[in-house]
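Here's the structure, in structure tokens; my notes come after.
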């Protein structure tokens, strides 16, 4: 598993969410982390 690729994807996803206004500075990071974890569980 390529960790740098995952990091880039996470940053890109976070940036997209920011651009759409879905993420507010504080709670955004926490909810995004949960989403990413959920996606990983689904993908496995």
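Numbering (my numbering), first residue to last: 38 to 81.
Each residue gets a CB set at the ideal place from its N, CA and C atoms; glycine is no exception.
It should be emphasised that the depicted structure is a prediction, and the values quoted were computed from it without experimental measurement.
Please report the distance separating the alpha-carbon of residue i from that of residue j.
i          : j          : result
residue 78 : residue 69 : 14 Å
residue 42 : residue 57 : 23 Å
residue 55 : residue 46 : 14 Å
residue 39 : residue 81 : 15 Å
residue 67 : residue 74 : 11 Å
residue 44 : residue 50 : 10 Å
residue 48 : residue 71 : 14 Å
Excluding the 5 residues flanking residue i on each side, which residues of the same chain have their C-beta closer than 6 Å to its C-beta?
i          : result
residue 76 : none
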